[in-house]
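Below is one structure, written out as structure tokens; the observations come after it.
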Amino acid sequence: LRLLAHALLHCLGYGDKTEEDQKVMRKKEEYYIRLFHVKH
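Numbering (this note's numbering), first residue to last: 12 to 51.
Now the structure itself:
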């Protein structure tokens with residue numbers, strides 16, 4: 012799921028070249044992963 016979120020963020024224009032960009036992307040990844048997290 013993280014890879015899918017990461018790829019989607021790249022398609023939306025986010026980058027991960029700098030440490031700050033990586034932090035932003037990681038926070039956004041966590042947000043989208045939580046949206047799709049379903050307890051069984």
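Each residue gets a CB set at the ideal place from its N, CA and C atoms; glycine is no exception.
Predicted, not measured: the structure shown is a model, and the values here were computed from it.
Between M36 and H48, what straight-line distance do the alpha-carbon atoms span, to the nearest angstrom?
Looking at the two C-alpha atoms, the distance is approximately 18 Å.
How would you call A16, buried or exposed, if buried means at least 16 neighbouring beta carbons within 10 angstroms?
The residue is buried, with at least 16 neighbouring Cβ atoms inside 10 Å.
What is the rounded straight-line gap between the Cα of V29 and the Cα of K50?
Looking at the sequence itself, residue 29 is Thr, so the reference to Val does not match. Near 34 Å, if we compare the C-alpha coordinates of K50 and T29.
Between which residues of its own chain and D32 is the CB-CB distance below 6 Å, once the five residues before and five after are set aside?
Same-chain partners within the cutoff: G26.
Going straight from the alpha carbon of H21 to that of I44, what length do you get?
Computed Cα separation, rounded: 15 Å.
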